[in-house]
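Respectively, the protein sequence lines represent chains B and A. Counting in my numbering, the first sequence runs from 3 upward without gaps. Counting in my numbering, the second sequence runs from 21 upward without gaps. Heads up, the beta-carbon is just placed ideally off N, CA and C, and yes, glycines get one too. This report concerns only the one structure given below.
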Amino acid sequence: MGWLTALLALPLVGFVVLLAIPGRAAGAVRLWANAVLLGGLALAAPLWTAFDRGAGGYQFVERAAWIPSLGAQYLVGIDGISLLLVLLTALLGPVAALASWNAIAERVKEFYAMLLLLQFGMLGLFLSLDLLLFFVFFELVLVPMYFLIGIWGGERRLYAAMKFFLYTVAGSVVLLVGMVALYWQGGQQLGRATFELTELLRAQLPLETQRWLFWAFFVGFAIKVPMAPFHTWLPDAHTEAPTAGSVLLAGVLLKMGTYGFVRLSLPLFPEAAREAAPVLGVLSIAAILYGALICLAQQDWKRLVAYSSVSHMGFCTLGLAAMNSNGLAGSVLQQVNHGISTSLLFLLVGYVYERRHTRQIGDFGGLAMVMPRFAFVFAVAVFSSAGLPLLNGFIGEFTILQGAFVVNRAWAAAAVGGIVLGAAYLLWLYQRTMLGDLRNEANRELPDLTAREWATVLPLLGLAVAIGVYPQPWFAVLERPVLELAGRLGR
Amino acid sequence: MSHFYTDVDHFALLPVILLALFGCAVFLFDFLLGERSRRWQLALVLPGLALTGWQLTRQGEIAPFTAFHGALTIDAFGLFFNWLFLVTAGLVALLSYRYLEVEQEHQGEYYGLVLMAQAGAYFLAVGTELITIFVGLETMSISFYVLAGFLRRSRRSNEAALKYLLLGAFSSGLLAYGFSLLYGLAGSTYFGDIAAAVAARPAFDPLTVLAILTVSAGILFKIAAAPFHMWAPDVYEGAPTAVTAYLAVGSKLGSLALLLRLFLGPLGAAREAWEPLLIVAAVVSLTVGNLAALTQSNVKRLLAYSSIAHAGYLLLGVVAGNATGWRGVAVYAAAYALMTLGAFAVLLAVHGEEMTDLNGLARRHPATAAVMVLFLVSLAGLPPTAGFVGKYYIFLALIEAGRYGLAVVGAVYVAVALFYYFRVVRSMFLTPGAAAAGPVAGLSAGVRVALGVTGVLTLGAGVYPEPLLQWAVRAVLK
Numbered sequence: 003m004g005w006l007t008a009l010l011a012l013p014l015v016g017f018v019v020l021l022a023i024p025g026r027a028a029g030a031v032r033l034w035a036n037a038v039l040l041g042g043l044a045l046a047a048p049l050w051t052a053f054d055r056g057a058g059g060y061q062f063v064e065r066a067a068w069i070p071s072l073g074a075q076y077l078v079g080i081d082g083i084s085l086l087l088v089l090l091t092a093l094l095g096p097v098a099a100l101a102s103w104n105a106i107a108e109r110v111k112e113f114y115a116m117l118l119l120l121q122f123g124m125l126g127l128f129l130s131l132d133l134l135l136f137f138v139f140f141e142l143v144l145v146p147m148y149f150l151i152g153i154w155g156g157e158r159r160l161y162a163a164m165k166f167f168l169y170t171v172a173g174s175v176v177l178l179v180g181m182v183a184l185y186w187q188g189g190q191q192l193g194r195a196t197f198e199l200t201e202l203l204r205a206q207l208p209l210e211t212q213r214w215l216f217w218a219f220f221v222g223f224a225i226k227v228p229m230a231p232f233h234t235w236l237p238d239a240h241t242e243a244p245t246a247g248s249v250l251l252a253g254v255l256l257k258m259g260t261y262g263f264v265r266l267s268l269p270l271f272p273e274a275a276r277e278a279a280p281v282l283g284v285l286s287i288a289a290i291l292y293g294a295l296i297c298l299a300q301q302d303w304k305r306l307v308a309y310s311s312v313s314h315m316g317f318c319t320l321g322l323a324a325m326n327s328n329g330l331a332g333s334v335l336q337q338v339n340h341g342i343s344t345s346l347l348f349l350l351v352g353y354v355y356e357r358r359h360t361r362q363i364g365d366f367g368g369l370a371m372v373m374p375r376f377a378f379v380f381a382v383a384v385f386s387s388a389g390l391p392l393l394n395g396f397i398g399e400f401t402i403l404q405g406a407f408v409v410n411r412a413w414a415a416a417a418v419g420g421i422v423l424g425a426a427y428l429l430w431l432y433q434r435t436m437l438g439d440l441r442n443e444a445n446r447e448l449p450d451l452t453a454r455e456w457a458t459v460l461p462l463l464g465l466a467v468a469i470g471v472y473p474q475p476w477f478a479v480l481e482r483p484v485l486e487l488a489g490r491l492g493r
Numbered sequence: 021m022s023h024f025y026t027d028v029d030h031f032a033l034l035p036v037i038l039l040a041l042f043g044c045a046v047f048l049f050d051f052l053l054g055e056r057s058r059r060w061q062l063a064l065v066l067p068g069l070a071l072t073g074w075q076l077t078r079q080g081e082i083a084p085f086t087a088f089h090g091a092l093t094i095d096a097f098g099l100f101f102n103w104l105f106l107v108t109a110g111l112v113a114l115l116s117y118r119y120l121e122v123e124q125e126h127q128g129e130y131y132g133l134v135l136m137a138q139a140g141a142y143f144l145a146v147g148t149e150l151i152t153i154f155v156g157l158e159t160m161s162i163s164f165y166v167l168a169g170f171l172r173r174s175r176r177s178n179e180a181a182l183k184y185l186l187l188g189a190f191s192s193g194l195l196a197y198g199f200s201l202l203y204g205l206a207g208s209t210y211f212g213d214i215a216a217a218v219a220a221r222p223a224f225d226p227l228t229v230l231a232i233l234t235v236s237a238g239i240l241f242k243i244a245a246a247p248f249h250m251w252a253p254d255v256y257e258g259a260p261t262a263v264t265a266y267l268a269v270g271s272k273l274g275s276l277a278l279l280l281r282l283f284l285g286p287l288g289a290a291r292e293a294w295e296p297l298l299i300v301a302a303v304v305s306l307t308v309g310n311l312a313a314l315t316q317s318n319v320k321r322l323l324a325y326s327s328i329a330h331a332g333y334l335l336l337g338v339v340a341g342n343a344t345g346w347r348g349v350a351v352y353a354a355a356y357a358l359m360t361l362g363a364f365a366v367l368l369a370v371h372g373e374e375m376t377d378l379n380g381l382a383r384r385h386p387a388t389a390a391v392m393v394l395f396l397v398s399l400a401g402l403p404p405t406a407g408f409v410g411k412y413y414i415f416l417a418l419i420e421a422g423r424y425g426l427a428v429v430g431a432v433y434v435a436v437a438l439f440y441y442f443r444v445v446r447s448m449f450l451t452p453g454a455a456a457a458g459p460v461a462g463l464s465a466g467v468r469v470a471l472g473v474t475g476v477l478t479l480g481a482g483v484y485p486e487p488l489l490q491w492a493v494r495a496v497l498k
């Protein structure tokens, strides 16, 4: 069994073993799930050093027959793009589990079972190099996430869970038809039916076909990202989900959409993608500005963070729309950055909610006096999310803007407006919650971050600073695949 | 040396002979031994099915062959469906035992009728002569009329039986009329002659069209496809739950086998005439089934509407009209049998049928709730389940045939279906159960076995579908 298979199998094995642990032993369940996810991180981390940055194509590839009569294989492998997202997933999994240690008191076993199944699905998606396998994982994450939101979520959890599920499935069935059509068209050209990505990349599809397929894939991925105007499921799902759910939803699940663009839509249908770039760009700008404006009007702390995701994912898709090496590299790095900074924000909102059981911004104010360490971490998270230089958000957004500027100056100008708005709503949020006088007496006795909470935020803080101060190693990983993709796109 | 009943004829008929023998034995023992026979009925049914399976295996060794001068054609296609019927009947027998006990209607003739229905279905899968087929269809249908009304003291069961009988008799009449037209066209009831006669005429020949119209009306009724689906929700809801399961799987797939045999065989030449008909029936079935299911609060009724939608998907596979489509129909049929029986098994396990009966099932019996999620995900058509593989094949077939519009329609209804299937999930997992709700009532050993078998196969065929696909490929290889 190879490295990647072991990495993928670990959460699944953990899930099966977990089912055998009696539900009453909540402590054992927690311990086991955390151990498995931490083990996964320990297994994934060395990929960073073992990965050969100079080599093209995919590394650590493993192949096994799966459904020969369909030409579908178990085929996993990584390049620089998927390496970053795999590492992000491997990190956020244990962070989410650890953050739920106290927050989840009911149906503990089911919760961690869903978390492990989710981890399996997320890792599988980023590792797959076979389209059918990719699709299976694309759908596999939905059921555990449905339960995470529906069982352990907030007041409107039933509505939010169903909305999330239906939106995503509605998109993914169109994606499925697109994939099957690609499989068929590609099979006609190549002379043999296959779902293997590298094989399908060899097919020269006529522009007309590419267009249809691109837009079919677009529906699936755009809903997942979500791009405007498909974003309306996101605020409900993110707000109602439990902290772990929000972290993984924002940190990883949204990236499945952008990753789908990078890995499939753009390289498979380059001509159609170039044609569609203006639409993508305009939709991205709309998401950036619209999301930011809505954030300014939010009274609910968590909902604000949720809407900020719409805006920030807009930057990721803007980088894709630029379709040049800067835009693409910035987009992928920004996906990681968004995973770090938004996860931090969701974790912190969750910790406050655990203490106060309210998320209304109006209930807070002056928290910096009672929780100085919390306020410090929150400040870093806010600055990172707002794109302050020397933190990770800046470098991602800056690179995306570089890419966008070359293509269309208006896009870049509008996106800069989005950054300004972003700084406005985030700093305003900080001011209203952390600064000023302690208006609400209920907040006076709030305890500061515990050791366990520190353990969840520290790795994210460290990464935020590391990427911000010295981004070079991260771009180095991305260089080969991004240049290759930009070459395919002819930019 | 008689040419009337040869060894080959006997060999072709053996499964039916066994089924009828064991069925009659059940009737007889019930009559002679009365109460005391109850516990032996399953011990009679299961060996009977096992022997039938053995005969099917033996047939498979020398298939394809014809018997009775071409009235029966034992080929991979027929065997594929007969294996499905066999597994279905076995699972239904396992599911029924405790149910009938609880309902206090534990009569031996129940199991006899289950076997008789299967004997009738046998001819639908292998029959290639109109009268043989009609007799088989009626044998199956009459068994089902009785089974639907098996809860004699239940009004709803009686109502279901009467409704099914009246409408079923009407549809049989239509089918018989269509068959007589086909006979009129060809001067023969054998498929080979009919095929030649239909091919010799233009596709839109008025007589052919009339025959196609009446025959399709009859068959669409039996597979519960729109616009001949009206009976299904009432009958499915009223019939005893175990019978509903049998009806939804056995009766539907039996009639589907007939549809495939007839439309791809003798009526194949008139494809232009029946194709638009089936397209309309498929799309209307998808629409009616999926939309009506959205608001149901009775799970049996919900599954009835969803089975109408599944009939739509099966018809789409026929419409695609290529090898992939036929394979898709076979795969879909197998997946449908597994997941539908599984879902009904869960209803039998909780001994309830209202959505509220499932409330809090995840607490009361997590394993049952978990497999139910699996069946519902499969019914909706999401990976990694058998239902996904079936839908995948249907979509692939439509795309190969260039019918992108139909593929998209079929795909979009997956999202609609998900909504109502997950209402069931919601009541199991997210809605707290009533405090009085005790442990799961009907979880007998038989139900456990059925749940295990259908659950493992539904997941197994989704994760590793290769064996199922190979089997389906062989079934339609001709």
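Opening and closing residue of the beta strand (DSSP E) in which residue i lies
i, result
"residue 76 of chain B", "74-80"
"residue 420 of chain A", "First-last for residue 420 of chain A: 406-420, but that is the alpha helix (DSSP H), not the beta strand (DSSP E)."
"residue 82 of chain A", "Premise fails: residue 82 of chain A lies in the alpha helix (DSSP H), 61-82, not in any beta strand (DSSP E)."
Host alpha helix (DSSP H) of residue i (start-end)
i, result
"residue 391 of chain A", "386-400"
"residue 190 of chain B", "159-192"
"residue 435 of chain B", "411-436"
"residue 276 of chain B", "272-298"
"residue 61 of chain B", "It is not in any alpha helix (DSSP H) - residue 61 of chain B instead sits in the beta strand (DSSP E) that spans 61-69."
Below-8 Å beta-carbon distance, residue i vs any chain C residue
i, result
"residue 487 of chain A", "Included in the structure are the protein chains B and A, with no chain C among them."
CB-CB length for residue i against residue j, believed under 8 Å
i, j, result
"residue 204 of chain B", "residue 491 of chain B", "Not confirmed; about 16 Å, so no contact."
"residue 228 of chain A", "residue 218 of chain A", "6 Å"
"residue 190 of chain A", "residue 261 of chain A", "26 Å between Cβ atoms; not a contact."
"residue 293 of chain B", "residue 316 of chain B", "6 Å"
CA nearest to the CA of residue i, picked from the options
i, options, result
"residue 272 of chain B", "B/320, B/207 and B/237", "B/207"
"residue 192 of chain A", "A/176, A/154 and A/181", "A/154"
"residue 303 of chain A", "A/393, A/158 and A/428", "A/428"
"residue 422 of chain B", "B/412, B/392, B/291 and B/316", "B/291"
"residue 499 of chain B", "B/180, B/237, B/231 and B/189", "Because chain B in this structure spans residues 3 to 493, residue 499 of chain B falls outside the shown range and cannot be described."
"residue 214 of chain A", "A/203, A/224 and A/223", "A/203"
"residue 421 of chain A", "B/183, B/245 and B/266", "B/183"
"residue 106 of chain A", "A/89, A/35 and A/78", "A/35"
"residue 495 of chain A", "A/472, A/353 and A/468", "A/353"
"residue 78 of chain A", "A/31, A/232 and A/38", "A/31"
"residue 475 of chain A", "A/463, A/115, A/392 and A/67", "A/392"
Beta carbon of residue i nearer than 8 Å to that of residue j
i, j, result
"residue 278 of chain A", "residue 236 of chain A", "no"
"residue 100 of chain B", "residue 457 of chain B", "yes"
"residue 401 of chain B", "residue 326 of chain B", "no"
"residue 171 of chain B", "residue 438 of chain A", "yes"
"residue 168 of chain B", "residue 70 of chain A", "no"
"residue 367 of chain B", "residue 440 of chain B", "yes"
"residue 129 of chain B", "residue 270 of chain B", "no"
"residue 409 of chain B", "residue 278 of chain B", "no"
"residue 299 of chain B", "residue 230 of chain B", "no"
"residue 43 of chain A", "residue 132 of chain A", "yes"
"residue 431 of chain A", "residue 178 of chain B", "yes"
(request) Please specify which runs of the alpha helix (DSSP H), each continuous and at least 4 residues long, are wholly inside the stretch 3-54 of chain B, giving them in chain order. (result) 5-22, 28-46 and 49-52
(request) Mind listing, in chain order, the continuous alpha helix (DSSP H) runs of no fewer than 4 residues lying wholly within the stretch 182-232 of chain A? (result) 211-220
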